[in-house]
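Novice:
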Amino acid sequence: MPIARINARLLHFVHVPKTGGSSVKEYLLKKGPMALFNRTPLPWARTTPQHIEGATHRILIPEGFCDAAFMVVRDPVERLISEFRYRTEAAVGDGRYRVDLGNGSRFTGTFDGWAHTVLDMVADDAWACDNHMRPQSDFWRTEVQVFVFEAGLGRVFDWIDQVTDTPPGARFHENKGTRVQIEMSGDVRARAEAFYARDLEFIAKARSGAFDLPLPAFAAPKARQRSLKGVPARDHEVS
């Protein structure tokens, strides 16, 4: 639940893991200081501060405390693949990999085997793996602007510029992960789509603009005159 202070405005970045968060973080940091983007486990929390889900940050950050809030969501199957690439440490042969599970242990096997293991872990404990594979809709709250990763991070950066009334900064993509070859079975894809069925519905609504919010009243006047859908996506990369 990072909070950035930019041009005397507070932005709550609802950080959903594996949706371009590192790139967004770097963009925000070039514009101002940030709090609560921290990977250090805390004794009083089930996750690190950066990955706190909606039910918790609703309590910690009251509605209206920040000037604006936003999040990025992603196709859940692609997010699962991205997590595997991010966690993979080495190939061990025969289509098998050594993968960090994010809880101090490691998995060795195929992508399919890893996917079943991780989905089992999250089914047993939604906070598993520091909320990395938690359903994305669990992070949302009503005053949060929702962006779709596949539409390009350029729209996110443009929105940040407008809300903070600051000039555009350099844009690049962080945390691309290891480019391992993924072989996903139909069974794993079907299980992932069933497991993340709410996310698929949530993302479809986001694509339709159901969660688009008007720009805050303090945003640059010219920006307020344009609808969010009319904002051009500049210099973005999707991977």
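1564 is the number that the working numbering gives to position 121 of the sequence shown; each next residue is one higher, with no gaps.
For every residue, glycine included, the Cβ atom is placed at its ideal position computed from N, Cα and C.
1) Quick one: using the 10 Å Cβ neighbour count with 16 as the cut-off for buried, is THR1531 buried or exposed?
2) Can you list, in chain order, the stretches of the alpha helix (DSSP H) that have 4 or more residues and sit fully within the region 1577-1651?
3) In chain order, what residues of the same chain have a beta carbon less than 8 Å from the beta carbon of THR1553, not counting five sequence neighbours either side?
4) Just grab the DSSP bridge partners of PHE1550 for me.
5) What whole-angstrom Cβ distance do ARG1528 and ARG1622 have, given they're in contact under 8 Å?
6) If you run the structure through DSSP and keep just helix, strand and coil, what is MET1564?
7) Helix, strand or coil, according to DSSP, for ASP1678 in the structure here?
8) So ARG1530 is in the alpha helix (DSSP H); what residue range does that whole segment cover?
9) Tell me ALA1662's beta-bridge partners as DSSP assigns them.
10) Measuring straight from C-alpha to C-alpha, what distance separates TRP1557 and ALA1569?
11) Distance, Cα to Cα, ARG1650 vs ASP1555?
12) Would PHE1592 pass as a contact of GLY1463 if the rule is Cβ separation under 8 Å?
13) Return the CA-CA distance between ILE1446 and VAL1535, expressed in angstroms with no decimal places.
14) Have a look at ASP1567, HIS1616, HIS1559 and GLY1652 and flag the residue whose alpha-carbon is nearest the alpha-carbon of GLY1629.
15) Would the region 1462-1478 and the region 1496-1507 be scored as touching if the rule is three or more Cβ pairs under 8 Å?
Specialist: So, from the listed chains and residues:
1) It is buried - the Cβ of THR1531 has at least 16 other Cβ atoms within 10 Å.
2) Along the region 1577-1651, the alpha helix (DSSP H) occurs as fully enclosed runs of 4 or more residues at 1597-1607, 1629-1638 and 1640-1650, listed in sequence order.
3) Excluding residues within five positions, the ones whose Cβ falls inside 8 Å are GLY1538, ARG1539, TYR1540 and GLU1626.
4) Its beta-bridge partners are VAL1542.
5) That belief holds up - the Cβ atoms of ARG1528 and ARG1622 are roughly 7 Å apart, short of 8 Å.
6) It is helical.
7) With a pLDDT of 41 at ASP1678, under the threshold of 50, the modelled position of that residue is not reliable, and no figure is offered here.
8) It spans 1519-1530 - the alpha helix (DSSP H) in which ARG1530 sits, taken as one unbroken run.
9) Per DSSP, none; premise fails for ALA1662.
10) Roughly 17 Å between the two C-alpha positions.
11) Take the alpha-carbon of ARG1650 and the one of ASP1555: they are about 29 Å apart.
12) The answer is yes: Cβ separation under 8 Å.
13) Approximately 40 Å, taken between the alpha carbons.
14) Among ASP1567, HIS1616, HIS1559 and GLY1652, the Cα nearest to that of GLY1629 is on HIS1559.
15) Contact fails: fewer than three Cβ-Cβ distances are below 8 Å.
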